[in-house]
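Here is the structure we will look at.
2 protein chains.
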Amino acid sequence: MEKYNFNAGPCVLPRPAVESAIEAIRNFDNTGIGILEISHRTPGWERIMKETADLWKELLNIPDNYHVLFLGGGASTQFFDVPANLLKSKAAYLETGSWAKKAIKEAKFYGEVEVVASSADKNFSYIPKGYSIPEDVDYFHITSNNTIYGTEIHEDIDSPVTLVADMSSDIMSRPVDVSKYGIIYGGAQKNVGPAGVSFVIVREDILGKTGRPIQTMVDYRTHISDSEKNRSMFNTPPVFSIFVMHETLKWLKEQGGVEAIYKLNKEKAGMLYDEIDRNKLFVGTAAKEDRSIMNVCFVMKEEYKDKEAEFLKFATERGMVGIKGHRSVGGFRASIYNACPKEAVEALIKCMQDFEAQN
Amino acid sequence: MEKYNFNAGPCVLPRPAVESAIEAIRNFDNTGIGILEISHRTPGWERIMKETADLWKELLNIPDNYHVLFLGGGASTQFFDVPANLLKSKAAYLETGSWAKKAIKEAKFYGEVEVVASSADKNFSYIPKGYSIPEDVDYFHITSNNTIYGTEIHEDIDSPVTLVADMSSDIMSRPVDVSKYGIIYGGAQKNVGPAGVSFVIVREDILGKTGRPIQTMVDYRTHISDSEKNRSMFNTPPVFSIFVMHETLKWLKEQGGVEAIYKLNKEKAGMLYDEIDRNKLFVGTAAKEDRSIMNVCFVMKEEYKDKEAEFLKFATERGMVGIKGHRSVGGFRASIYNACPKEAVEALIKCMQDFEAQN
Ligand SMILES: Cc1ncc(COP(=O)(O)O)c(C=O)c1O
Ligand SMILES: Cc1ncc(COP(=O)(O)O)c(C=O)c1O
Ligand SMILES: [Mg+2]
Ligand SMILES: [Mg+2]
Ligand SMILES: [Mg+2]
Ligand SMILES: [Mg+2]
Numbered sequence: 012m013e014k015y016n017f018n019a020g021p022c023v024l025p026r027p028a029v030e031s032a033i034e035a036i037r038n039f040d041n042t043g044i045g046i047l048e049i050s051h052r053t054p055g056w057e058r059i060m061k062e063t064a065d066l067w068k069e070l071l072n073i074p075d076n077y078h079v080l081f082l083g084g085g086a087s088t089q090f091f092d093v094p095a096n097l098l099k100s101k102a103a104y105l106e107t108g109s110w111a112k113k114a115i116k117e118a119k120f121y122g123e124v125e126v127v128a129s130s131a132d133k134n135f136s137y138i139p140k141g142y143s144i145p146e147d148v149d150y151f152h153i154t155s156n157n158t159i160y161g162t163e164i165h166e167d168i169d170s171p172v173t174l175v176a177d178m179s180s181d182i183m184s185r186p187v188d189v190s191k192y193g194i195i196y197g198g199a200q201k202n203v204g205p206a207g208v209s210f211v212i213v214r215e216d217i218l219g220k221t222g223r224p225i226q227t228m229v230d231y232r233t234h235i236s237d238s239e240k241n242r243s244m245f246n247t248p249p250v251f252s253i254f255v256m257h258e259t260l261k262w263l264k265e266q267g268g269v270e271a272i273y274k275l276n277k278e279k280a281g282m283l284y285d286e287i288d289r290n291k292l293f294v295g296t297a298a299k300e301d302r303s304i305m306n307v308c309f310v311m312k313e314e315y316k317d318k319e320a321e322f323l324k325f326a327t328e329r330g331m332v333g334i335k336g337h338r339s340v341g342g343f344r345a346s347i348y349n350a351c352p353k354e355a356v357e358a359l360i361k362c363m364q365d366f367e368a369q370n
Numbered sequence: 012m013e014k015y016n017f018n019a020g021p022c023v024l025p026r027p028a029v030e031s032a033i034e035a036i037r038n039f040d041n042t043g044i045g046i047l048e049i050s051h052r053t054p055g056w057e058r059i060m061k062e063t064a065d066l067w068k069e070l071l072n073i074p075d076n077y078h079v080l081f082l083g084g085g086a087s088t089q090f091f092d093v094p095a096n097l098l099k100s101k102a103a104y105l106e107t108g109s110w111a112k113k114a115i116k117e118a119k120f121y122g123e124v125e126v127v128a129s130s131a132d133k134n135f136s137y138i139p140k141g142y143s144i145p146e147d148v149d150y151f152h153i154t155s156n157n158t159i160y161g162t163e164i165h166e167d168i169d170s171p172v173t174l175v176a177d178m179s180s181d182i183m184s185r186p187v188d189v190s191k192y193g194i195i196y197g198g199a200q201k202n203v204g205p206a207g208v209s210f211v212i213v214r215e216d217i218l219g220k221t222g223r224p225i226q227t228m229v230d231y232r233t234h235i236s237d238s239e240k241n242r243s244m245f246n247t248p249p250v251f252s253i254f255v256m257h258e259t260l261k262w263l264k265e266q267g268g269v270e271a272i273y274k275l276n277k278e279k280a281g282m283l284y285d286e287i288d289r290n291k292l293f294v295g296t297a298a299k300e301d302r303s304i305m306n307v308c309f310v311m312k313e314e315y316k317d318k319e320a321e322f323l324k325f326a327t328e329r330g331m332v333g334i335k336g337h338r339s340v341g342g343f344r345a346s347i348y349n350a351c352p353k354e355a356v357e358a359l360i361k362c363m364q365d366f367e368a369q370n
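First to last, the sequence lines map onto chains A and B. Numbering-wise (this note's numbering), the first sequence opens with residue 12 and increments by one. Numbering-wise (this note's numbering), the second sequence opens with residue 12 and increments by one.
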């Protein structure tokens, strides 16, 4: 039976990226050695590292005064790497979910944190608005897409201070004006690759200002490096995860890039939200204006609540994978990242309609 | 042409581990979803995580009061994770090479460091002896195998304080009495898998004694976790690298485990060192009693020095890969880790003999 993968991350990857990964495991770059077994100090690999950074720059139109770093340890490691590099005395955070809360917790190791607004009052089902960003802080941190709650900040906001965004779950899903940000970071395992690597897009001039000595691996300047060969290669990088990222970005470019995928993402999300709204059984959990185009969260209406387990079973039997909602929201979550084909969304919609028909 | 992979890491992996990796990319655990695309909160994956830790425990006879953690960021991240978790006021380090020096540098962020002995005077070509370990330090740190210089501490030393070892390049190559160590750590990318994951074997009772608040991802207790499901899964782990580690350890177990591979490793290293000693062209760089059974370093004798480039070309044409020595030593280095077959060593020896015959 065909499977439709709605996992929240790690999640579905483009088929050509997966096929190239397998080929490279057998024989990387015609060396006769597989990608899992080559030295990272091989010219062919150094080329892939550079090309991967170049693909990022091209796809997101990243200005020249920014660097793109590839690091291990997941986005959770960036929760403390960011303040270690930027927080001198005080930072502002927008509290839009549990990932934002975790980021806030780590920032407190380095200085004062002002939570400028929070949507905790309604279980993070909306994006706070009308707050003002203090001007006396070192940076303002947002989580642009809240994977668990299905809310998203749809536009690049204007900030009077350095803007930092955790874009783990919506990077490359829409065009972004990178010049408005000091740092954009995230785990690769949603839109840009498998687990095992994180990305950090950083404007170089904001670094080195805290006066704090920073552990070598935590200091972004280590990974920027003066020598091109050592960019994100101060130590052994997560070679294979970066390779699959490279192939994923190549695929994205072939799809027409970020503008094209954004159009498709809006279409996919629109279809699914329309069905949620139309269908008598389901209701969306996020405020309509803040609905994420990546993570679509919905529950059963009060009067059908007892049918949730049954629908999960029904959908699973029809090949839907990973649609159980996160325990903090309940119900269902369909993660429809870039590589999730429209056919998967159609299959899920069909499933919802068939289940409605029998209830 | 057959290739013989002597890369220092990432490096050759067992063929069955590579084949399983490819199968799992196509279809993991009969889920119909590939290993790069499954959620790490899938029962099949939770089983692999547990089995991987269990394989470590079984293969190294790890006592019950130890945990095995799998983390991102490479061994270089452990250079600061270790002191962050253990260093209260002072630590002692043995300086046996550039990795040891890098570890020392990071420890200084957390307290005083006493370098008890160093072999820097002879370009790290031997292991210092006859030093005494101070009793007023929080731990004593060694690099058991010096990948770059081809020297190795062949026995588990007795330490009056917590012993910490970077075993990046000799883990699982010989039996180790884990109970003599507080922490054993390293990058996986030599003997236990591909790049992208590190291992930390840690005795639980030594943690939480510094009084220092530790960032969540740096604190080993986060990854030990009270809940079995979150062991090394506080955040998204480097799934695929851990999977290949699992397959590599399964293979090692099938070979008869660490005792059996140790026998083979000694045999392989013995053959190669014998040839180096016998061959009129070559000479080993490491002190004989400290020769590593993993990284075999050799150069051309003074009178044949001008033939190094020629031999490299000669060997490369015969399929040898990765035998160029590290720039800090020069000449040649053959890394003959667990998964390097005896045939590869034989092929290299043949190459050395053929080159001698023509010179
Ligand atoms: C928005 C966001 N930030 C951070 C994380 C944590 O990422 P990692 O597991 O790579 O540490 C996630 C994971 O799902 C996420 O969705
Ligand atoms: C002994 C030793 N320690 C540490 C490292 C650094 O490992 P990583 O590149 O994973 O940070 C290496 C890498 O070769 C090594 O050989
Ligand atoms: Mg969230
Ligand atoms: Mg409805
Ligand atoms: Mg060394
Ligand atoms: Mg000789």
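Each residue gets a CB set at the ideal place from its N, CA and C atoms; glycine is no exception.
It is roughly 17 Å from the alpha-carbon of residue 243 (chain A) to the alpha-carbon of residue 90 (chain B). When the Cα atoms are used, residue 297 (chain B) and residue 70 (chain B) turn out to be separated by approximately 29 Å. Contact check for residue 42 (chain B) against residue 55 (chain B) passes: the beta carbons are separated by less than 9 Å. About 7 Å separates the Cβ atoms of residue 185 (chain B) and residue 269 (chain B), confirming a contact at the 8 Å cut-off.
Between the stretch 111-118 of chain B and the stretch 87-103 of chain B, the count of C-beta pairs closer than 8 Å reaches three or more; the two stretches touch. DSSP places residue 195 (chain A) in the uninterrupted beta strand (DSSP E) bounded by 194-198. Here the distance from the Cβ of residue 301 (chain A) to the nearest heavy atom of ligand 2 is not below 8 Å. Contact of residue 158 (chain B) with chain A by beta-carbon distance below 8 Å is absent, the smallest such distance being about 11 Å. Listed along chain B are 247, each with a C-beta nearer than 7 Å to that of residue 200 (chain A).
A straight line joining the alpha-carbon of residue 97 (chain B) with that of residue 263 (chain A) spans about 45 Å. Within the stretch 81-127 of chain A, the complete alpha helix (DSSP H) segments of 4 residues or longer fall at 85-97, 109-118, listed in chain order.
DSSP places residue 335 (chain B) in the strand class (E or B) of the three-state scheme. Remark: the C-beta of residue 158 (chain B) is in contact range of ligand 2, defined as less than 8 Å to any heavy atom.
In the structure shown, the three-state DSSP call for residue 147 (chain A) is coil. Sorted by chain position, residues whose beta-carbon lies closer than 7 Å to a non-hydrogen atom of ligand 4 are A:287, A:288, A:289, A:290, A:291, A:292, A:293, A:294, A:312. For residue 22 (chain A), at least one C-beta of chain B is nearer than 9 Å to its own C-beta.
Relative to the non-hydrogen atoms of ligand 2, the Cβ of residue 246 (chain A) comes within a distance shorter than 8 Å of at least one.
Shown here, residue 153 (chain A) sits in a strand according to DSSP, grouped into three states.
In its chain, beyond the 5 residues on either side, 161, 280, 283, 284, 287, 295, 344, 345, 346, 347 have a beta carbon closer than 8 Å to the beta carbon of residue 307 (chain B).
Residue 142 (chain B) counts as exposed, since fewer than 16 other beta carbons sit within 10 angstroms of its beta carbon.
CA-to-CA, the gap between residue 363 (chain B) and residue 215 (chain B) works out to about 48 Å. Residue pairing by DSSP places residue 177 (chain A) opposite A:154, A:196 in a beta bridge. Per DSSP, reduced to three states, the secondary structure at residue 295 (chain A) is strand. Take the alpha-carbon of residue 223 (chain B) and the one of residue 99 (chain B): they are about 8 Å apart.
In this structure, ligand 2 has no non-hydrogen atom nearer than 8 Å to the beta-carbon of residue 227 (chain A). For a Cβ distance threshold of 9 Å, nothing in chain A lies close to residue 152 (chain B): the least Cβ distance comes to about 16 Å.
Judged by their CB atoms, residue 16 (chain A) and residue 258 (chain B) are not nearer to each other than the 9 Å cut-off. Not one heavy atom of ligand 1 falls within 8 Å of the beta-carbon of residue 53 (chain B). Spanning the alpha carbons of residue 158 (chain B) and residue 68 (chain B) requires a straight line of approximately 25 Å. With respect to the C-alpha of residue 291 (chain B), the residue from B:86, B:310, B:303, B:299 having the closest C-alpha is B:310.
With fewer than three CB-CB distances shorter than 8 Å, the stretch 349-362 of chain A does not count as touching the stretch 220-240 of chain A. Of the residues assessed, residue 181 (chain B) falls on the buried side of the cut-off, its CB having 16 or more other CB atoms within 10 angstroms. Note that the stretch 145-156 of chain A does not touch the stretch 30-37 of chain A; fewer than 3 beta-carbon pairs, one per stretch, sit closer than 8 Å. With respect to chain B, the C-beta atom of residue 90 (chain A) has a partner C-beta closer than 9 Å. Those residues of the stretch 47-78 of chain B placed with their C-beta closer than 8 Å to a C-beta in chain A are 47, 48, 49, 50, 51, ordered along the chain. Along the stretch 216-244 of chain A, the alpha helix (DSSP H) occurs as fully enclosed runs of 4 or more residues at 231-235, listed in sequence order.
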